[in-house]
Each structure stands twice: as structure tokens, then as C-alpha cells.
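These protein sequence lines map, in sequence, to chains A and B.
Position 446 of the first sequence, counting from 1, maps to 446 under full-length UniProt numbering, and the rest follow consecutively.
Position 345 of the second sequence, counting from 1, maps to 345 under full-length UniProt numbering, and the rest follow consecutively.
We treat Cβ as the ideally placed atom computed from N, Cα and C, and that holds for glycine.
Single-structure report; data block below.
Protein chains: 2
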Amino acid sequence: MPLGDKPGWEKSESRYCGVEAEFDDDIANLLSFNLNLGAFDFVVAPLMNPTYRPSLVQANSGGTCVLPFAGSDLVLSPSQWSSHVVGKISHWIDLDSEDETLRMDSETTLKQEIAWANHLSLQACLLPSPKSKSCANYARCVNQILQGLNNIQLWLRIPLTKIDDASMDANSGELVDSWEQWNSFRILCEHHSQLSVALDVLSSLPSVHSLGRWFGESVRAAIISTDTFLTNARGYPCLSKRHQNLIWGFFNHSIQVVVSGTSLRNTAAPGSDLVTNHSSDNVENLQKHPLRSYLDYIGYLFQKMDPLPQQERYELGYRDFLQSPLQPLMDNLEAQTYETFEKDSMKYMQYQRAVSKALLDRVPNEEANVTTVLMVVGAGRGPLVRASLQAAEETGRKIKVYAVEKNPNAVVTLHSLVKLEGWEGIVTIISCDMRYWDAPEKADILVSELLGSFGDNELSPECLDGAQRFLKEDGISIPSSYTSFIQPVTASKLYNDVSSPFFFLSHTLSVFMFSARLAPPQSVFEFTHPNNSTTKSNERYKKLLFELPDDTGSAMVHGFAGYFDAVLYKDVHLGIEPSTATPNMFSWFAIFFPLRTPVCMKPGSSLEVHFWRCCGSSKVWYEWCVAAPTPGAMHNTNGRSYWVGL
Amino acid sequence: MPLGDKPGWEKSESRYCGVEAEFDDDIANLLSFNLNLGAFDFVVAPLMNPTYRPSLVQANSGGTCVLPFAGSDLVLSPSQWSSHVVGKISHWIDLDSEDETLRMDSETTLKQEIAWANHLSLQACLLPSPKSKSCANYARCVNQILQGLNNIQLWLRIPLTKIDDASMDANSGELVDSWEQWNSFRILCEHHSQLSVALDVLSSLPSVHSLGRWFGESVRAAIISTDTFLTNARGYPCLSKRHQNLIWGFFNHSIQVVVSGTSLRNTAAPGSDLVTNHSSDNVENLQKHPLRSYLDYIGYLFQKMDPLPQQERYELGYRDFLQSPLQPLMDNLEAQTYETFEKDSMKYMQYQRAVSKALLDRVPNEEANVTTVLMVVGAGRGPLVRASLQAAEETGRKIKVYAVEKNPNAVVTLHSLVKLEGWEGIVTIISCDMRYWDAPEKADILVSELLGSFGDNELSPECLDGAQRFLKEDGISIPSSYTSFIQPVTASKLYNDVSSPFFFLSHTLSVFMFSARLAPPQSVFEFTHPNNSTTKSNERYKKLLFELPDDTGSAMVHGFAGYFDAVLYKDVHLGIEPSTATPNMFSWFAIFFPLRTPVCMKPGSSLEVHFWRCCGSSKVWYEWCVAAPTPGAMHNTNGRSYWVGL
């Protein structure tokens with residue numbers, strides 16, 4: 001039965017917990033024992049007798065005997081097979097062995113077992129870890145199998161080893177980073193969507209940066225060995241703080257936990273052996289599954305997990321969507337879009353604070369009856385007008401507001417709002433594109449919210465350059481400046497989904513669901529308003545150099561997450577750059593700039609990235625490329641995949 | 001006028017020689033001087049005054065003045081522009097400068113000049129060398145320009161420097177391999193087909209391995225500085241042996257030579273200065289172009305070049321074709337194909353030698369009247385039957401020949417041949433697939449020519465395993481074994497042309513025209529006949545490790561050239577593996593196994609490659625992958641792109 005009922009988690013696969021079992025001739029009994037007595041949701045069980053070797057069968061019987069499957073497909077119902085059994089492929093197989101007989105036996109067995117699992121419509125099969133660093137033949141065989149599968153998932157078991165641990169490949173003395181092994185394997189299999197990872201969690205854990213890489217990978221299960229557990233004062237199993245955090249990470253990424261191994265509780269209770277322990281337990285415990293207490297602890301962690309913050313609940317609805325950026329100059333926004341943005345109260349609080357400070361700076365207390373001319377350019381359905389009026393009221397300053405809006409549909413609402421709110425005489429509505437408006441007077445303060453997720457990507461610079469004509473020489477622009485940021489991310493799960501080289505995703509989801517950040521963000525382009533530079537060019541070019549933290553190990557860069565931070569006025573800022581992000585704001589998702597070919601980074605190498613903001617006569621676009629460690633192609637040449645129309 | 005008339009070279013672009021010129025206001029005069037007086041075929045000339053800077057023009061005139069082009073488009077006829085002028089882009093441009101004004105001026109100028117060249121329908125423009133190792137902004141701009149061009153080629157000037165020379169990037173003290181710079185540039189430009197290289201040849205040359213890489217690149221011109229020339233005893237310019245070989249390499253790869261610089265002959269003639277030299281020359285020489293003697297020397301090298309061997313003349317007809325491998329079991333060969341193969345006399349001489357040796361071994365002189373049963377399987381239109389009969393005659397042995405052929409059309413010819421040649425009573429024709437023939441007796445010798453370019457790729461192993469039933473226990477198979485070989489090659493020019501991941505090309509052309517070999521070939525799969533192994537499996541798996549020679553520098557591996565070598569009988573072999581290739585044989589082209597993503601190899605790194613021969617119930621195919629230095633995808637999974645039907 002599921003680990004618990006938790007709001008927002010009804011659909012997450014991480015509610016289900018499995019158990020790894022040894023081979024059993026009687027799988028019906030095995031299932032009943034673990035599901036009914038143990039309360040596990042599924043069993044990871046071998047499908048074939050581990051003593052089976054095709055070459056022995058052939059030698060003994062000429063190849064005519066029956067394969068040693070654990071009974072026929074009739075011993076369980078179809079729904080039992082598909083809902084409660086994960087097939088565990090024989091652990092002895094080694095397709096990269098020097099021993100040709102073992103290699104051939106392994107290939108035959110792997111193909112037979114997966115074909116049987118496919119026949120049973122199992123949801124997944126667990127493939128044993130590669131036995132050596134070189135696993136090309138194993139990958140070749142799995143890749144061939146993947147071409148002919150139904151919906152079954154193949155989980156490749158990968159140990160979550162410390163990079164500085166002794167290598168699996170003991171003979172060579174070389175250190176093996178298990179992530180690199182997985183990376184080779186899945187590249188060989190062309191990022192096939194039915195190939196994923198089952199992480200083997202052991203008692204020693206790699207560094208946080210090294211662990212982080214796995215959250216950008218397609219991990220489906222985490223197998224926790226009972227060896228990993230500690231024993232609390234009462235003799236019950238528990239986990240270290242670091243392991244607890246890891247398990248919560250798994251829950252957040254829809255990764256199912258599987259408990260593996262034998263119960264250690266008997267040896268942990270001092271002075272007890274198997275028999276005495278049995279007799280000292282009460283009658284209920286006698287009937288208990290030996291791993292039940294481990295499951296209970298996992299369930300306890302699941303319940304103890306922090307509930308989703310409101311912002312993430314909002315974003316849940318967007319989890320499966322890749323969104324295209326807006327074209328605010330070419331298209332008119334719809335009512336629903338205005339509705340969504342206007343609900344973002346935190347944003348308007350920041351604007352109100354910025355306007356208040358600007359009004360106080362502009363008009364000293366002794367001249368409080370001077371009227372300040374404030375223009376809201378891109379007024380939409382009026383939220384910035386309202387914030388400005390509230391700022392005036394709060395500071396006791398007089399203002400006259402021009403609300404300039406190019407969308408005639410929004411202007412309809414603005415007019416009714418003026419009547420409804422009694423703003424007549426204070427607010428003048430101008431139905432016009434700010435770039436072409438012939439203003440009757442000049443403004444003291446220009447207020448706008450034209451920012452996109454990447455700051456300038458909704459053409460705020462071009463719009464405000466146009467509006468600057470009617471701002472006084474010493475006038476104030478709110479925002480006064482904004483800066484875009486990027487950081488390299490690994491996002492295997494998204495990699496195959498990206499049809500367009502440009503989309504938004506939530507900046508929180510980019511961390512929790514899809515990707516792992518590999519290095520801190522760095523600033524890219526900055527724009528200041530009013531723009532007093534001589535050239536007035538809004539083209540930009542920036543070269544950036546990212547270093548991965550030393551303890552990350554190798555990593556794959558699939559692209560760049562993009563953010564912005566805006567200075568509204570003096571110390572009042574607004575933004576989604578993770579280290580300084582305005583809390584509880586949901587108007588902006590992070591932007592993603594993918595790489596057509598992911599770049600593999602070795603420890604100690606650095607990533608050189610070039611970003612351009614290009615301006616044409618009718619459009620603005622970005623181009624980007626990676627120049628080191630290996631040069632890559634230019635992206636979005638002449639804005640061919642994504643551009644914003646002027 | 002062209003360098004000379006040479007059979008086979010009528011269509012090669014390397015017949016034309018150009019000259020690099022300084023800026024001249026009067027381009028009509030410049031052209032006439034160099035073409036009429038100098039006898040050059042084209043001029044590489046600047047199109048714009050080198051003092052022009054867009055920022056100065058803007059500052060001085062508000063941007064309204066005329067651009068300083070070298071006159072209007074009317075000063076030359078359209079055909080003069082397009083046939084005789086290569087536009088030389090201003091050498092001062094530096095798009096990766098730290099100086100923003102210079103960077104912007106450079107971008108504006110580059111775009112203006114190429115637009116002008118495009119307007120004039122020039123065939124090519126020469127782009128100046130990147131000024132620093134980092135050239136991302138230069139590449140970004142060129143890449144944008146490439147999207148909107150007509151047919152004009154852009155030649156990026158790249159110095160052919162020694163890797164161990166002092167770097168261009170003097171400040172960093174880092175060594176720059178100019179090939180790496182080109183590699184980054186063209187990757188950034190997505191291997192655009194209109195971007196190519198103009199190599200700047202200087203007096204010191206890199207190693208042979210380092211030079212070799214350029215012959216796999218899209219090099220269109222080689223600019224030879226007059227500094228590079230030596231002076232012979234008579235005071236005329238000449239080149240070192242290494243430079244002569246390089247120039248011949250250029251001719252063979254359709255690379256045009258451009259002479260650059262000032263005549264050094266005056267200073268070379270001791271005791272002469274400009275005036276005395278002039279007066280000491282005869283009247284004809286007074287009228288001579290200062291670089292005429294350099295052109296004459298290039299023409300002399302062109303004439304002196306070895307004529308094409310017969311084999312390459314044969315292959316000329318195939319230069320522009322990528323051929324698909326044969327499907328000899330599924331399809332019947334056509335008469336034309338038989339005709340081509342039968343002309344390959346060298347092949348049948350080797351077969352005759354092998355059969356002779358086998359007959360002598362099989363039948364001692366004292367038993368010379370014993371009849372040997374010889375079966376030709378896959379007899380086609382009879383060339384192996386003829387070679388076998390000639391071997392019998394030559395050795396004085398008696399033979400009885402069964403000619404087994406599955407193609408009924410070829411059998412028609414065989415029957416008429418038996419009558420024509422008087423082979424009645426000696427040769428029995430069997431119209432049957434050798435795998436299913438029910439032979440009336442067993443053979444002493446089985447002769448076949450079922451080999452493909454990669455040895456086993458036309459399913460010789462499967463066919464001969466089938467035919468083995470009617471070979472005596474101690475019988476002989478000719479061939480007795482064969483081995484396939486691969487070697488990594490760089491082949492940029494082909495890279496964009498490969499639509500299918502499999503094709504043939506001539507093994508000589510693979511060297512001279514399209515690609516450069518990066519490391520010696522290594523053996524892959526071996527098959528022996530008769531096949532006495534217990535498993536009889538024809539599946540194979542081989543892991544190979546290639547090391548690049550130390551003095552190569554970095555290189556790009558685009559795929560693998562494949563060859564075979566076959567032991568017909570004892571010391572008689574037949575094959576196309578370059579180091580042991582049978583001379584003057586043209587039945588087999590080399591095979592090419594491309595990589596979907598080329599692999600960049602740094603000096604000192606090694607290339608780990610895995611090759612599989614996979615067998616299904618109805619087909620045989622190869623899979624391959626690169627595992628190091630960076631893992632790549634599996635190729636041809638389940639034979640999806642190429643397979644051979646059983």
C-alpha cells in the first residue's frame with residue numbers, strides 16, 4: 001500500500017515502495033508474503049533460476065529442454081504481473097567478460113529474460129550493474145533489445161559510489177565515476193526513453209555536487225540496502241541526516257524507493273539471537289515481515305517531508321508543459337494572461353515600494369503639493385496604475401497618471417476601472433503604442449513592466465528607448481536597470497523532449513523536477529534606463545566562463561537556465577535569479593537555452609560560452625555557442641528558431 | 001591562362017593559378033596587368049580602401065557619404081568579375097577585439113564587403129585570418145552572412161604553421177594549432193558548404209602527419225608567399241623538395257595556388273639593385289610581370305607531376321558517386337557488373353597461382369593422372385573456371401570442374417562458354433544456390449570469389465559454411481581465410497554528403513581526394529575455411545585502440561575506412577589493405593563506416609572503437625561505436641541503415 005496520503009502527491013510514483021527479493025520458485029507465494037505481510041507495493045524479483053546457463057543446457061540436452069522460468073505466466077494474474085512485479089535480470093551476466101562462453105551465455109540470457117518480462121507486460125526490468133568500466137557490448141545488446149520492446153522500462157542498476165572510493169575495476173587501479181559509466185551506457189543507447197537508472201544507495205555517499213548530477217537524470221528507483229540503515233536507541237532502523245535528505249530528494253523527483261537486503265535488527269539488539277529474539281517479540285511481531293520496520297521508516301520520512309509551497313502547487317499544473325515565450329509587441333495578451341499576472345501580489349508590492357521611494361526623492365516634504373507626472377507605459381488592465389496611486393496615497397504626494405496601452409481590449413477594461421475606482425481627473429488613458437505616442441507633456445516618472453524571464457527578451461529596451469522621448473531629462477525610469485543571468489544545467493530528462501530550441505520552465509521545477517544546476521549563475525546583459533549611452537545600440541555580446549565545483553565529477557551540460565534581476569528603484573529589486581529571487585512570485589518561469597549537442601565536462605575543465613543579443617530591422621533574437629572544452633555549433637542563427645518581433 | 005594541358009586534368013580547378021594584389025583604385029588596370037602581363041588566371045584583390053572605418057565615416061559625415069568601393073560595378077564586365085576576381089576582405093578587421101569600436105567597425109565592414117562581392121557575383125571572397133585564438137564573434141558573424149549568400153564561397157585564410165612554432169597569440173604564450181582554430185570556426189558555422197580554407201604556406205612546414213589533416217578538409221586555395229621560394233643557381237625561384245611535394249598534393253586535391261608577395265629576385269641577384277637589374281635584363285623582361293617567374297615555376301611543377309596511373313583514371317568516373325554495397329545473395333548481378341569485374345586480370349592471375357599451388361600439393365607428380373574434383377561456387381560468367389583450367393594446364397594436373405551459379409542469366413552465358421571454349425566433358429554447370437545444392441560427389445578444392453570490400457560483408461562466411469557440406473574432410477578452400485581491417489580517417493568534405501551511413505569509395509581516392517588517414521589500419525574480423533570451430537557462429541566482436549602519431553596535433557575522426565586481405569592459398573594473397581594491397585586491382589573500393597557525430601581527438605588521446613558483426617535469421621549487419629575519448633552512440637542498430645540479406 002502507498003507510503004501515505006499527502007496533498008499534491010496523489011499522482012507521484014514515489015508514493016510506492018518496493019522490496020528486492022531472492023529467486024523463488026513460487027512467485028505467487030513470494031508476492032503474497034511481501035505485499036500482504038510486508039505491505040510493500042511491488043517486488044523486484046528474479047524471473048529465472050540463477051544457476052541457468054544456456055551453454056550448459058545446450059551441452060546437456062541439445063537445446064530442447066524447457067527454460068527454467070519461475071513457473072508459467074498463469075501463476076499470477078496479468079494485473080499482478082504488471083502492477084506488482086519488477087523483473088530482476090540474472091545478476092551473473094557479464095557481456096563484457098573476456099570469457100567468450102560467459103559473454104555468449106550472458107547475451108542469450110539477457111535476451112530471453114527481457115523477452116519473458118515483455119511477454120508478461122511487466123512495467124520494468126532491473127538490469128544488473130555493468131561489471132567493468134568498459135560496457136560497450138552490454139550497451140550494444142541492451143540497445144538492440146530496446147528497439148523491439150513494448151512499454152517496459154529497463155532500469156540499469158548503478159551504484160551511487162563516492163568517486164574517491166576504490167574502483168570497481170580493481171585490476172586497473174583506476175577510479176570509476178559511476179555517473180560516467182551510466183553516461184557512456186545511455187549515449188551508446190542513444191538516450192532511449194525506456195532506459196533509466198536504478199541507483200544503489202550505500203552507506204557512504206558522494207559529495208552534494210556529485211549527487212546533484214543524478215537529479216538531472218532519468219532515475220526511476222533508488223535501492224536502499226539495509227546496510228545503509230543505522231539503529232536507533234530503541235533498536236529500530238533509521239537513516240543519517242544526509243541519507244534522509246537524499247530520500248526526500250528522491251520523493252521530490254518521483255523516484256521510487258526499493259528496500260534491499262536482510263534485516264539487521266537481530267544482530268543489532270545486543271544479547272539476542274534469532275531464536276531468543278523471536279520469542280522475546282510479541283505475537284504480532286512473529287507474523288511480521290523481516291523488513292517491515294524499514295518500510296515503516298521510509299513511510300515515516302514520506303509523511304515528515306515538507307508540504308509543497310504554494311508557489312510549487314501553482315506550478316504543478318505546468319509540470320508537463322513546455323511553454324513558448326510571449327510575443328508581447330506582435331500579439332495582444334488575452335484576459336486570462338492578464339488575470340494570471342495580476343494575481344502576483346508580491347510583484348505589485350515591490351512596484352509600489354519603488355514608486356513611493358521615487359516620489360519621496362522627487363518631491364521633498366515641504367513641496368508635497370507639487371504634482372508629479374507619472375506615466376505607466378504598457379498599463380494592461382491597470383495593476384501598475386493602482387500600485388502607483390497607492391504609493392502616492394501612502395507618501396502623501398500628488399500625482400497625475402497617464403496610462404498608455406496598445407491593446408485596445410485592455411483599454412476597454414481600463415476605462416471601466418477608472419469609473420469604478422473613481423480615478424477620473426487623475427488617470428488619463430492613452431490607447432496607443434508607447435513607441436509612437438505624441439505625449440502632451442513630459443513625465444517625471446516612467447513606470448513599466450515589460451520584462452521577460454530573461455530581462456530584455458520581451459523587448460523592454462526597445463520599448464523604453466522609444467518612450468524615453470517623453471521622459472524629462474532628470475526623470476526616473478522604474479525599472480532603472482535589469483540584468484540577465486545564465487547557468488549551465490544538466491537536464492537529460494528534458495533533452496529528448498525539446499523540439500524547439502527555446503522554452504520556459506518554472507525556475508523551481510528546473511531544480512526539483514528536471515535538472516541539476518552545475519555552477520552558480522553569471523550575469524549576461526545589462527540595460528539601464530533612461531539610456532544615455534552615445535551609440536544607443538541594444539546589441540550585446542558577452543563571453544562567460546563557468547567552472548564546475550571540484551567535487552562534482554564529470555557532468556553533461558544540456559543547456560542554460562536563464563533568469564533576470566531588475567532594479568526597480570535604488571534598493572528595491574525584483575527578479576528570479578535564484579540567489580536573490582523575490583519570494584512568492586510566479587509571473588516568470590526560468591527560460592532555457594538548450595544545446596543541440598550536449599557537452600560533456602570532465603573534472604577541472606571549464607565551459608566557455610558566448611551569448612549575443614542581435615537586433616534586426618523587424619526582430620530581436622539571441623544566438624549562443626559553446627567554445628570550450630569542445631567547440632560547438634552556433635545556435636539560433638539569424639533567429640531562425642526563436643525571435644521576438646518589433 | 002591555365003598552368004598547362006595535362007591528360008585527365010581538364011576539369012581540375014588546380015590548373016588555375018592566382019595572384020594576391022594590394023588595393024588599387026583602378027581594378028580594370030590591376031586585372032589587365034596581372035592577367036595579360038602576368039598570365040595569372042585570377043586576382044585576389046581588396047574591394048575597399050583599407051583606410052575605411054565605418055565609425056570615422058559616421059563621425060565625419062553623419063553616415064551619408066558613399067562607401068569607398070574601388071569604383072562601380074561597371075568598371076569590369078560581369079564575367080570579368082566572376083571569373084577573374086576573388087574579393088579580399090579588409091585585413092584589419094578583428095571581430096574578437098577587446099576594443100568595442102574596432103569590433104563594431106569590423107562587423108559592419110565585413111557585412112558590407114561581402115554584400116558587395118555577392119552583388120558582383122564573385123566566385124569567392126578571402127577572409128582574413130582570425131587575429132586571436134578565440135574567434136567566436138567572427139564565426140558568429142560569418143555564420144549569419146552565410147545564411148543569405150548566393151553561390152559565393154568564403155575562403156578563410158589560415159596559416160599553415162608548425163604547431164611548435166611561436167603562437168599567434170603572443171600574450172598568452174599558448175601554442176595555437178591553426179587546424180584547431182579552423183576546426184572551431186567551421187563547427188561554429190555548422191560545417192557550411194560555402195565556407196572553406198585558403199592555406200597560407202610559409203617557409204617552415206609542419207610535420208607530414210600534421211599536414212595530412214588538411215587533405216581531409218575543404219581547402220580551396222593555397223597562398224604561397226614569395227618568401228617561401230628559394231633561388232636556384234641561375235637566380236630563378238624554386239621550392240624545397242618538401243614544398244614541391246606539398247604543391248603536388250594541392251594539385252591532386254583540386255586546390256588552386258595563389259602567389260603572394262613581392263619579387264625577391266632583385267635582392268637575390270648579388271650586386272644588382274632595382275635599376276641595374278632592370279637595365280641588365282633584356283627588352284622582353286622589361287615588360288615582364290615581377291611575379292611571372294614564380295608562376296612559371298608553378299607551371300613547371302604542374303607539368304612535372306606524375307601522370308595519373310591507369311587505376312586512378314578508371315576511378316575518375318566514380319569520383320562524384322557514393323556507391324551502395326552489393327546485395328549479391330538477394331539480387332542477381334547484371335552483365336555490366338560481370339564485365340567490370342572480369343576485366344580485373346590481376347585478381348584472376350592470383351587465383352590461378354593459388355589453384356596451381358593447391359593442385360601441386362594435392363596431387364604429387366607421380367600421381368599426375370589422378371583427377372581432382374574442383375568446384376567453383378558462385379561461378380558467374382566463368383572467369384574462375386577459366387583460371388582453374390589454366391592452372392590445371394600449367395601444372396599438368398587433371399581436373400573435373402563443377403561450376404555452381406545461382407543467377408540463371410549468368411548460367412546462360414556459362415553454357416555458351418562451355419561450347420565456345422570446348423570445355424565439354426570437363427566442366428559441369430549447376431544452376432543452383434550453393435547453400436541448397438545436393439552435390440553428387442565431394443570436392444577436393446572449393447574455389448570462390450564471394451568477398452566484399454570488408455571481406456565478409458557479402459556473406460562469404462555464410463555461403464561457404466553452406467557449401468562446406470560437399471567439401472572433402474581434407475579438402476581445400478580457396479580463399480582459405482580473410483581478414484577485415486579498419487583505420488580512422490578525417491573526411492570533412494564527405495561528412496555533409498553522407499545521407500546513408502554506409503557507402504563505398506575507392507581506396508586510392510580515399511587518400512587522394514576525400515580524406516586523410518590518421519593511424520595505420522588494424523585487423524577486425526577473421527574467417528577461416530573450412531570452418532572447423534565447434535560453435536560455427538559467424539558473429540564477431542572486436543575492440544580496437546588507435547593512437548594518433550604524436551606530431552599530428554588535434555584531428556577530427558569522421559569515420560573508418562574498411563579494407564580486407566584474403567589468403568587464397570598459402571602465400572598467395574589478395575586484398576586492398578593499403579600496406580599489403582595487391583597492385584593494379586580495381587574490383588573493390590574501400591568501404592566507409594561513418595560516425596554520426598565526428599570525434600575530436602586531442603594529441604596523446606587514444607580512440608577506442610568497438611565493432612560487431614551481428615547475424616539474424618534473414619540478414620547480417622555490422623554495428624559500431626566509439627567508446628573513448630568520448631562515448632558516442634551505437635551505429636546501425638539492428639542493421640536499420642544497412643544490412644545484407646541472407
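query, result
"Please classify A:LYS368: is it buried, with 16 or more other beta-carbons within 10 angstroms of its beta-carbon, or exposed?", "The residue asked about is misnamed: residue 368 of chain A is Ala in this sequence, not Lys. Exposed."
"Report back the beta-carbon spacing between B:LEU414 and B:GLY382 to the nearest angstrom; my notes put them in contact at under 8 Å.", "6 Å"
"Against A:MET634, what residues of chain B qualify as contacts under a CB-to-CB distance less than 8 Å, listed in chain order?", "ALA139, ARG140, ASN143, LEU188, CYS189 and GLU190"
"Name the chain A residues whose beta carbon is nearer than 8 Å to that of B:GLN244?", "Simply none; closest approach about 34 Å."
"Taking the DSSP output, what are the residues bridged to A:LEU471?", "A:ALA443"
"Just checking: is the beta-carbon of B:SER641 within a distance shorter than 8 Å of some beta-carbon in chain A?", "no"
"So B:GLN153 and B:GLN181 are supposed to be a Cβ contact under 8 Å. How far apart are they, rounded?", "Actually they are not in contact, since the Cβ atoms of B:GLN153 and B:GLN181 sit about 19 Å apart, beyond 8 Å."
"How should B:THR371 be labelled, buried or exposed, when 16 other C-beta atoms within 10 angstroms of its C-beta is the threshold for buried?", "exposed"
"Evaluate contact between the stretch 559-568 of chain A and the stretch 481-494 of chain A, counting only Cβ atoms and requiring at least three cross-stretch pairs below 8 Å.", "yes"
"Less than 8 Å between the CB atoms is what I'm expecting for A:PHE250 and A:SER587, so what's the real figure, rounded?", "Not quite, the Cβ-Cβ distance comes to about 31 Å (not below 8 Å), so this is no contact."
"Please name the residue, chosen from B:VAL567, B:LYS288, B:GLY475 and B:ASN232, that lies closest to B:TYR351 on a Cα-to-Cα basis.", "B:VAL567"
"Give the straight-line distance between the Cα atoms of B:SER79 and B:ASP73, rounded to the nearest whole angstrom.", "12 Å"
"Can you confirm whether B:THR597, when its beta carbon is compared against all beta carbons of chain A, has any partner nearer than 8 Å?", "yes"
"What first and last residue would you give for the beta strand (DSSP E) that runs through B:PRO594?", "590-601"
"Does chain A have any CB closer than 8 Å to the CB of B:GLU393?", "no"
"Starting from A:THR372, follow its DSSP beta bridges and name the residues at the other end.", "A:ILE399"
"Any residues in the stretch 146-158 of chain B with a beta carbon nearer than 9 Å to a beta carbon of chain A? Which ones, in chain order?", "LEU146, GLN147 and GLY148"
"Given this structure, state the Cα-to-Cα distance separating B:SER97 from B:GLN144, to the nearest angstrom.", "19 Å"
"Any idea which residues DSSP pairs A:TRP248 with across the strands?", "In the DSSP output, where bridge partners are listed per residue, A:TRP248 has none listed."
"Please list, in chain order, the chain A residues whose beta carbon lies closer than 7 Å to that of B:GLU623.", "ARG140"
"To the nearest angstrom, how far is it from the Cα of A:GLU339 to the Cα of A:PRO7?", "26 Å"
"By Cβ distance, which residues of its chain are closer than 6 Å to B:GLU378, with the 5 residues on each side in sequence left out?", "The identity of residue 378 of chain B in the sequence shown is Gly, whereas the question assumes Glu. Here the set comprises SER448 and LEU450."
"Mind checking who B:GLY235 pairs with in its DSSP beta bridge?", "Per DSSP, none; premise fails for B:GLY235."
"Between the beta-carbon of A:LEU160 and the beta-carbon of A:VAL201, is there less than 8 Å?", "yes"
"Based on DSSP bridge pairs, tell me the residues matched to residue 648 of chain A.", "Because chain A in this structure spans residues 1 to 646, residue 648 of chain A falls outside the shown range and cannot be described."
"Got a sec? Which residues, its chain only, sit under 7 Å from A:LEU384 by beta carbon, not counting five neighbours each side?", "TYR351, VAL376, VAL447 and GLU449"
"Taking all protein chains shown into account, decide if A:GLN336 is buried (16 or more other Cβ within 10 angstroms of its Cβ) or exposed.", "exposed"
"Just checking: is the beta-carbon of A:HIS610 within a distance shorter than 8 Å of some beta-carbon in chain D?", "The displayed structure is made up of protein chains A and B, and chain D is not among them."
"What do you get for B:PRO520, buried or exposed, if any count of 16 or more other CB atoms within 10 angstroms of its CB means buried?", "exposed"
"List, in chain order, every chain A residue whose beta-carbon is nearer than 9 Å to that of B:CYS600.", "THR630 and PRO631"
"Using the DSSP secondary-structure output, state which residues sit across from B:ARG540 in a beta bridge.", "B:ARG613"
"Does B:SER184 have its Cβ less than 8 Å from a Cβ in chain A?", "yes"
"For B:ASP118, decide whether its Cβ has a neighbour in chain A, counting only Cβ atoms nearer than 8 Å.", "The residue asked about is misnamed: residue 118 of chain B is Asn in this sequence, not Asp. It does not; no Cβ of chain A falls within 8 Å."
"Among B:ARG540, B:LYS419 and B:TRP214, whose alpha-carbon lies nearest the alpha-carbon of B:THR552?", "B:TRP214"
"Less than 8 Å separating the beta-carbons of A:LEU646 and A:LEU459?", "yes"
"Along the stretch 365-386 of chain A, what residues have a CB closer than 7 Å to any CB found in chain B?", "none"
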